[in-house]
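The structure appears below as structure tokens.
Shown next as structure tokens:
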């Protein structure tokens, strides 16, 4: 008859390790004694493999060997004798229900030693004690198990003390469903961090997790199409994106999360509220079949290294896109893994994309250590594939592409007094298609005054955005290169003429009169210009 206890048995990695070590000659236990000892140290009372898990041992949740080690180490440090009697073990240590109860156990041992008569009272229950655990303890080279006592082997006192030290960092590790995987693994109880990392892969990453996550920094002139590139080439699914903008007041707490007060039924509590980084990290971790994107616009307008904080370390990636190194962050780990002790890593299915305008001045610089963790990608200032390159500006005969070509050619060839003058070029997406559209309703007297004003305001957008930029920024120190600045001496005069708000009431190509004649000629000439815009 088949024993039902073994019907669902599986071959574990630890069994395979034993088989390989002894070549199937399992009676030669000396060949794998270290594995036996490792597995005994990993025994946990009580787990789901125990038929009394929900019965008489339902309140026991501990690694009994580690509790014994702890008691022996503490007694040895205080008395010089790393030993307990078998009575003390049977009735005090073995009845302790959790590792955290060791202090009570030590106190009871002291009281028992002070009252020798109590030992006799305990011995009446000796027949009820399950000696199987003692038989297991005899297999440990770290212990000396005799008829009446259990002691630490003098040669292993320091090793045991170190094991206890490591274990106490997290005495409740693998106390739930993941214990069985750990028990059957080839890891010891003292390789917790390493196993945690592999366990994470086992749960979510082995065969289904998308790979290829990376850190990419898109840079170029303002309006070159960085955000457009993100949507067209990376992701346009808002459910898989978190988009944010760095600025001088943006902080680590905004980015990662912060502890905030929460009032419920009049009771104030404090809870960690995740920021966009932590929120997306959780989405990526729990949805391994999809790629997720954290979009950071204007990344150099905030103090990026300070905003990232220790998360900066996660930007180093392996070939598959997973963080090379993990960090300790209890708050993030609690949110993402529901385990405060797990090392935090960016999974392979989460990409971070930053954007940066090369023309930005007086903003935070990205140091070399930060930049080297990113794949730098220059977004060309090109009209190739541009949606509204051939759209004319208002009621003029000049297309947006032609306007950019002429102006950018002037910036690059004449503005040599400026440092990095090419960064001042007009981006091909500097304006939207709506900014170029001409609204004839502005001069339609059949419409109400309000409707005419609304149309005029729409027509004003191009000049207010583009001419202002050229006057105040790109040609701030050389306005005479493109403007008739002897006639139009202020930005106000330039904008008013272009927008028909001056006495001239310019329309059509007459709006262009604010520019020098050679610039106007270039606007209206269709010959190609050797410019930086394709």
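Residue numbers (UniProt numbering): 1 to 534.
Beta carbons: idealized from backbone N, C-alpha and C, even for Gly.
This structure is a prediction, so every number in the text was calculated from the model and none was measured.
Pull up the CB-CB distance for residue i and residue j, whole angstroms please, since I reckon it's below 8 Å.
i, j, result
"residue 324", "residue 316", "4 Å"
"residue 223", "residue 483", "Their Cβ separation, rounded to whole angstroms, is 21 Å, which puts residue 223 and residue 483 out of contact at 8 Å."
"residue 395", "residue 438", "5 Å"
"residue 321", "residue 211", "5 Å"
"residue 373", "residue 215", "6 Å"
"residue 76", "residue 157", "7 Å"
"residue 343", "residue 327", "7 Å"
"residue 508", "residue 346", "Incorrect: roughly 55 Å between the Cβ atoms, too far for contact."
"residue 359", "residue 423", "4 Å"
"residue 293", "residue 234", "6 Å"
"residue 189", "residue 91", "That pair is no contact at about 26 Å."
Quick one: what's got a C-beta closer than 8 Å to residue i's C-beta in the same chain, skipping five residues either side?
i, result
"residue 468", "491, 495"
"residue 278", "256, 257, 331, 332, 335, 336"
"residue 37", "139, 140, 141, 142"
"residue 268", "261, 262"
"residue 465", "430, 431, 435"
"residue 20", "none"
DSSP puts residue i in a beta bridge; with which residues?
i, result
"residue 150", "84, 145"
"residue 271", "260"
"residue 323", "317"
"residue 377", "218"
"residue 61", "98"
"residue 357", "220"
"residue 293", "241, 351"
"residue 164", "Paired residues: none, contrary to the question."
Give the straight-line distance between the Cα atoms of residue i and residue j, rounded to the nearest whole angstrom.
i, j, result
"residue 78", "residue 43", "27 Å"
"residue 136", "residue 83", "18 Å"
"residue 245", "residue 300", "10 Å"
"residue 366", "residue 506", "46 Å"
"residue 231", "residue 511", "35 Å"
"residue 442", "residue 461", "13 Å"
"residue 390", "residue 525", "14 Å"
"residue 145", "residue 66", "16 Å"
"residue 487", "residue 375", "48 Å"
"residue 89", "residue 113", "13 Å"
"residue 477", "residue 236", "40 Å"
"residue 397", "residue 450", "28 Å"
"residue 240", "residue 280", "8 Å"
"residue 228", "residue 493", "34 Å"
"residue 118", "residue 80", "24 Å"
"residue 24", "residue 238", "56 Å"
Please name the residue in the options whose C-alpha comes closest to that of residue i.
i, options, result
"residue 259", "274, 14, 215", "274"
"residue 520", "430, 386, 402", "402"
"residue 288", "350, 270, 92, 338", "350"
"residue 106", "93, 320, 319, 115", "93"
"residue 536", "306, 280, 266, 442", "Any property of residue 536 remains undetermined from this structure, which presents the chain solely from 1 to 534."
"residue 226", "518, 381, 424, 114", "381"
"residue 220", "413, 458, 379", "379"
"residue 39", "185, 241, 422", "185"
"residue 393", "165, 448, 458", "458"
"residue 400", "421, 15, 414, 463", "463"
Tell me whether residue i, by its Cβ, gets closer than 6 Å to a heavy atom of the ligand COA.
i, result
"residue 14", "Absence of the ligand COA from the depicted structure is noted, as is the absence of any ligand whatsoever, leaving it without description."
Whose C-beta lies closer than 7 Å to the C-beta of residue i among residues of the same chain, with five residues either side of it excluded?
i, result
"residue 513", "497, 506"
"residue 304", "246, 364, 366, 370"
Closer than 6 Å by C-beta to residue i: which residues in its own chain qualify, once you throw out the five before and the five after it? Chain order, please.
i, result
"residue 522", "406"
"residue 276", "242, 244"
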